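These notes concern the structure reproduced below.
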Amino acid sequence: MEYDVVIVGGGPAGLSAAIRLKQMAEEAGREIEVCVLEKGSEIGAHILSGAVVDPKALYELLPDWEEMDGHPLTVPVESDNHWVLTKSGKTSFPHIFMPPFMDNDGCYTLSLGNFCRWLASVAEGMGVEIFPGFAAAEVLFHEDGSVKGVATGATGIGKDGEKKPSYEPGMELHAKYTFFAEGVRGHLSKELKRIFELDRDCEPQVYGIGIKELWDIEPEKHEPGCVIHTQGWPLEDANGGGFIYHQADGQVAIGYVVWLGYKNPHIAPFQEMQKWKTHPVIAELLKGGKRVSYGARAINDGGYQSVPKLAFPGGALIGCSAGFLNVPRIKGTHTAMKSGMMAAEAAFAAVAEGRQSDELTGYQAAYDESWVKEELRKVRNTVPLVKKFGDLLGTILSGATMWAEALKIKMPFTLGHKPDHEQLGRKEHFYPPEYPKPDGVLTFDRLSSVFLSNTNHEEDQPPHLVLKDPAIPIEHNLPLYDEPAQRYCPAGVYEVVEEEEGNPKFVINAQNCVHCKTCDIKDPTQNINWVVPEGGGGPNYPNM
Ligand SMILES: Cc1cc2nc3c(=O)[nH]c(=O)nc-3n(C[C@H](O)[C@H](O)[C@H](O)COP(=O)(O)OP(=O)(O)OC[C@H]3O[C@@H](n4cnc5c(N)ncnc54)[C@H](O)[C@@H]3O)c2cc1C
Ligand code: SF4
Numbered sequence: 001m002e003y004d005v006v007i008v009g010g011g012p013a014g015l016s017a018a019i020r021l022k023q024m025a026e027e028a029g030r031e032i033e034v035c036v037l038e039k040g041s042e043i044g045a046h047i048l049s050g051a052v053v054d055p056k057a058l059y060e061l062l063p064d065w066e067e068m069d070g071h072p073l074t075v076p077v078e079s080d081n082h083w084v085l086t087k088s089g090k091t092s093f094p095h096i097f098m099p100p101f102m103d104n105d106g107c108y109t110l111s112l113g114n115f116c117r118w119l120a121s122v123a124e125g126m127g128v129e130i131f132p133g134f135a136a137a138e139v140l141f142h143e144d145g146s147v148k149g150v151a152t153g154a155t156g157i158g159k160d161g162e163k164k165p166s167y168e169p170g171m172e173l174h175a176k177y178t179f180f181a182e183g184v185r186g187h188l189s190k191e192l193k194r195i196f197e198l199d200r201d202c203e204p205q206v207y208g209i210g211i212k213e214l215w216d217i218e219p220e221k222h223e224p225g226c227v228i229h230t231q232g233w234p235l236e237d238a239n240g241g242g243f244i245y246h247q248a249d250g251q252v253a254i255g256y257v258v259w260l261g262y263k264n265p266h267i268a269p270f271q272e273m274q275k276w277k278t279h280p281v282i283a284e285l286l287k288g289g290k291r292v293s294y295g296a297r298a299i300n301d302g303g304y305q306s307v308p309k310l311a312f313p314g315g316a317l318i319g320c321s322a323g324f325l326n327v328p329r330i331k332g333t334h335t336a337m338k339s340g341m342m343a344a345e346a347a348f349a350a351v352a353e354g355r356q357s358d359e360l361t362g363y364q365a366a367y368d369e370s371w372v373k374e375e376l377r378k379v380r381n382t383v384p385l386v387k388k389f390g391d392l393l394g395t396i397l398s399g400a401t402m403w404a405e406a407l408k409i410k411m412p413f414t415l416g417h418k419p420d421h422e423q424l425g426r427k428e429h430f431y432p433p434e435y436p437k438p439d440g441v442l443t444f445d446r447l448s449s450v451f452l453s454n455t456n457h458e459e460d461q462p463p464h465l466v467l468k469d470p471a472i473p474i475e476h477n478l479p480l481y482d483e484p485a486q487r488y489c490p491a492g493v494y495e496v497v498e499e500e501e502g503n504p505k506f507v508i509n510a511q512n513c514v515h516c517k518t519c520d521i522k523d524p525t526q527n528i529n530w531v532v533p534e535g536g537g538g539p540n541y542p543n544m
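Each residue of the sequence shown is one higher than the one before, counting from 1 in the UniProt record's numbering.
Okay, here's the thing in structure tokens:
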């Protein structure tokens, strides 16, 4: 199938790019053929976020969005709180100490999945072809090495590699330009970074794992638009923090992010979140409520200094595939959208000039002049400072650099990052943290949690969690790190079980995978390669 632009990924970046392309074509009075591929069973099915969204990019994309039908930006932020937690206490950090650009004034709290569903309806109304349930499995290249498009994976192939009666071949989608909008740690984007050496001149990307639950809470405790961020307890050997967003319909979205640069191999991010919920203030908020959804997704933490080269012959990385998240604001939606719009503008100009398959230098140039780059520049030292000096001193120092930027004093240094997978220490050098036993009311185990993510994969299909060397988990990771995949995976996919003869065996329950990408990031020897399973497989998040 031939298109002008093929977009891989129906998140905020991909959908904004599609809408912007159609808008420009309409303004110019010409046609442009655009399609969006989405591996989830529907748009939004794989989207997991907070979210408190800054509508800055939305105002640029759809200036009259407030008058448009069905938009989900119905709960403006009414109160903005930051708590520093100890085991049983909390101190509210005075809002006045926050640099003005950290403000949530004018932002909305919502389900990002529902936001994407709405953006998709707008895009379809403009003639964008959207294919949910289609995972782009392979990048296609022209003979000169430029990107030609993508191929979706075939369906109906068994574990043994043989065709089943349900076999359907994959499709090739060719385009003048292909945008990769796969979100954090996209597996094709990872390949493209390697092939075109896109990250040769930037710092390595670093990540966090965000674990989220949606709760129906008692009506008298619900304060729509109340936004709370927490730092401090319970994390000891790691950095990160929690969020509590009072959203529409009596629900609160709660989540916990653990930065993946941690050294203690005994840490289990899922358990950190369960422990965080036992804090008296959070436990009280959730008491009498019911957990209705669960999920997890990695998040980019590298920021400004980890943004790779954005364009290459025939394509571009947009959104979190490149990595535009503002870490102290925990916001990447508006920057993802704007990057998609900038790429769209460059691609439209190129197609209108009759060009194809070349490098969209206009996109890179637009980013270099954009508010996205400037926003990321101001907060670029937060993550390295907190990692180096710890939560308290690091936050103070990072706050000082942000205030300096707010006062127009440009910091003359940019600190670097170290890859997350190189950080783990040996198991005997660290104590296992204490975690609560699940009570099934406030705290849960991983399997009952995954059940709430509605995750489903066809069981008889080739593995989508590919071990480069099957011996490494037991022969290398187990003796050194007690095989950390057992703990960092938020879906209980990886287990070490004793075989009858007493030998340990590494088991992969791939059907439980919620596509968070943590294993692809944190495995110490980068032995796990996450590739797309059959399209439509994975979580089915309702409103995450
Ligand atoms: C826990 C957590 C909390 C967050 N909180 C906030 C917040 O409060 N505010 C905020 O602004 N941002 C927040 N973010 C960040 C925000 O969610 C991201 O910045 C944003 O979603 C990035 O958009 P994207 O379009 O680049 O990628 P995504 O939203 O990840 O979308 C990518 C899409 O591409 C699809 N896809 C991937 N690979 C393929 C493939 N090969 N073929 C087909 N489809 C594919 C995926 O299924 C997905 O639907 C949070 C993130 C997390 C994890
Ligand atoms: S297997 Fe990997 S991608 Fe899947 S849920 Fe576990 S850590 Fe995430």
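Glycine included, each C-beta is placed from N, C-alpha and C at the ideal position. For clarity, every value in this text was computed on a predicted model and none was experimentally measured.
>> Please report whether the beta-carbon of A238 lies at a distance below 8 Å from any beta-carbon of chain C.
In response: No chain C appears in this structure, which consists of one protein chain only.
> Name the DSSP bridge partner or partners of Q251?
Replying inline: D216
> In chain order, what residues of the same chain have a beta carbon less than 8 Å from the beta carbon of V532, not counting five sequence neighbours either side?
Replying inline: Cβ within range, chain order: K39, A135, A136, A137, G153, H187 and H464.
> Straight-line CA distance for L260 to G354?
Replying inline: Cα to Cα, the separation comes out at about 44 Å.
> On the three-state DSSP scale, how would you describe Y488?
Replying inline: helix
> Whose C-alpha, out of G149, Y494 and F101, is nearest the C-alpha of P473?
Replying inline: P473 has its Cα closest to that of Y494, out of G149, Y494 and F101.
> Can you name, in chain order, every residue of its own chain whose Cβ lies under 7 Å from the Cβ of K163, other than the five neighbours on each side?
Replying inline: G156 and I157
> For Q231, does the three-state DSSP call read helix, strand or coil?
Replying inline: strand
>> So, does the stretch 284 to 298 touch the stretch 18 to 37, judging by three or more C-beta pairs under 8 Å?
In response: no
> Quick one: what does DSSP say S92 is sitting in, helix, strand or coil?
Replying inline: Looking at S92 - three-state DSSP - the assignment turns out to be strand.
>> To the nearest angstrom, how far is the alpha carbon of E459 from that of V507?
In response: 14 Å
>> Using only the alpha-carbon positions, how far apart do P63 and F312 sit?
In response: Taking the CA atoms as reference points, P63 sits about 31 Å from F312.
>> Counting beta carbon pairs with one atom in the stretch 286 to 295 and one in the stretch 209 to 224, are three or more of them shorter than 8 Å?
In response: yes
> What number of angstroms, rounded off, separates the C-alpha of Q461 from the C-alpha of Y167?
Replying inline: So the alpha carbons of these two residues sit roughly 11 Å apart.
> Using CA coordinates, which residue listed in T361, K522, A28 and V281 is at the minimum distance from P490?
Replying inline: K522
> Rounded to a whole number of angstroms, what is the C-alpha to C-alpha distance between R388 and G210?
Replying inline: According to the sequence displayed, residue 388 carries Lys and not Arg. Using only the alpha carbons, I get a separation of about 21 Å.
> Expressed to the nearest angstrom, what Euclidean distance is found between the alpha-carbon atoms of G106 and G9?
Replying inline: 28 Å
> Which residue from E236, K277 and D103 puts its Cα closest to that of F243?
Replying inline: The shortest Cα separation from F243 among E236, K277 and D103 belongs to K277.
> Between which two residues does the alpha helix (DSSP H) containing D275 stretch?
Replying inline: Correcting the residue type first, residue 275 is Lys in the shown sequence and not Asp. Counted as a single uninterrupted DSSP element, the alpha helix (DSSP H) harbouring K275 occupies residues P269 to K277.
> For A123, which three-state DSSP category applies?
Replying inline: helix
> When the distance is taken between beta carbons, is V258 closer than 8 Å to P269?
Replying inline: yes
>> Which same chain residues end up closer than 6 Å to residue 568 when comparing Cβ atoms and leaving out the 5 residues on each side of it in sequence?
In response: Here the chain covers residues 1 to 544 and nothing more, so residue 568 does not appear.
> Name the DSSP beta bridge partners of Y108, please?
Replying inline: Answer is V53 and P76, bridged to Y108.
>> Quick test of your reading: E203 and S306, contact by CB under 8 Å. State the CB separation rounded to the nearest angstrom.
In response: 5 Å
>> Let's see if you can read the secondary structure: which residues bound the beta strand (DSSP E) around residue 545?
In response: The shown model of the chain, from 1 to 544, leaves out residue 545, and the question about it has no answer.
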